[in-house]
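Mapped onto my numbering, the consecutive letters of the sequence shown carry residue numbers 7 to 119.
No residue lacks a Cβ here, since even glycine has one placed at the ideal position from N, Cα and C.
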Amino acid sequence: MQVGDPVLFYHSSCAEPGIVGLAHVASEAKPDRTQFDPKSDYYDPKSDKNNPRWVCVDVMADTPIELISIAALRQYPELTDMKILQKGNRLSITPVTKDEYDFILTHLVRNKK
């Protein structure tokens, strides 16, 4: 990820997972501090400060949008290969191709203005 890259903000672990906003990457990748904190739920004893296993970026919200559910995304053959829709995928941070992003913006986004 690069600063300025567009982001589809996705809610997971909720009643109806899906895309709920547009955002952008606001910082370069950096080590996730929580991996080194034994008191953190995200502590990783195998991670080394000189060679961290986990990195993160800051994301800045741009525009809230009406929920685009996983079920709605699955209705479009243009999105069949989207990583978030692949069987067994449990990650809410996945790459999105330019074609997928453009399709979602053009055909599915309805701003909550």
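Rounded to a whole number of angstroms, what is the C-alpha to C-alpha distance between threonine 4 and valine 31? Here the chain covers residues 7 to 119 and nothing more, so residue 4 does not appear.
Is arginine 116 helix, strand or coil when you go by DSSP? Numbered from 1 along the sequence shown, position 110 holds the residue referred to as residue 116. Note: arginine 116 maps to coil in three-state DSSP.
Output the distance between the C-alpha atoms of isoleucine 90 and glutamate 72, rounded to the nearest integer angstrom. As a working mapping, residue 90 is identified with position 84 in the sequence shown. As a working mapping, residue 72 is identified with position 66 in the sequence shown. One C-alpha to the other measures close to 18 Å.
For phenylalanine 42 and leucine 28, believed in contact at Cβ under 8 Å, the rounded distance: As a first step, residue 28 is located in the sequence shown; it is residue number 22 there, counting from the start. As a first step, residue 42 is located in the sequence shown; it is residue number 36 there, counting from the start. For leucine 28 against phenylalanine 42, the beta-carbon gap comes to about 32 Å, at or over 8 Å, which does not count as contact.
Please list the terminal residues of the continuous beta strand (DSSP E) segment that includes leucine 79. Residue 79 sits at position 73 when you count from the first residue of the sequence shown. Premise fails: leucine 79 lies in the alpha helix (DSSP H), 76 to 80, not in any beta strand (DSSP E).
Who are the near neighbours of valine 9 in its chain, counting only those whose CB is closer than 7 Å to its CB and skipping five residues on each side? Here residue 9 corresponds to residue number 3 of the sequence shown, with the count starting at 1. Excluding residues within five positions, the ones whose Cβ falls inside 7 Å are Val31, Ala32, Ser33, Glu34.
Round the Cβ separation of lysine 36 and valine 61 to the nearest angstrom and send it over; I've been treating them as touching at under 8 Å. If you number the sequence shown from 1, residue 36 lands on position 30. If you number the sequence shown from 1, residue 61 lands on position 55. Rounded, the Cβ-Cβ distance is 6 Å, consistent with contact.
Could you pull the start and end residues of the beta strand (DSSP E) that valine 26 belongs to? As a working note, residue 26 is residue 20 in the sequence shown. Counting along the chain, the beta strand (DSSP E) containing valine 26 begins and ends at 24 to 31.
For glutamate 106 and aspartate 11, the rounded distance between their alpha carbons: Residue 11 sits at position 5 when you count from the first residue of the sequence shown. Residue 106 sits at position 100 when you count from the first residue of the sequence shown. In a straight line, the C-alpha of aspartate 11 is about 14 Å away from that of glutamate 106.
Unbroken stretches of the beta strand (DSSP E), 3 residues or longer, contained in the region 50 to 79: The qualifying runs are 65 to 75.
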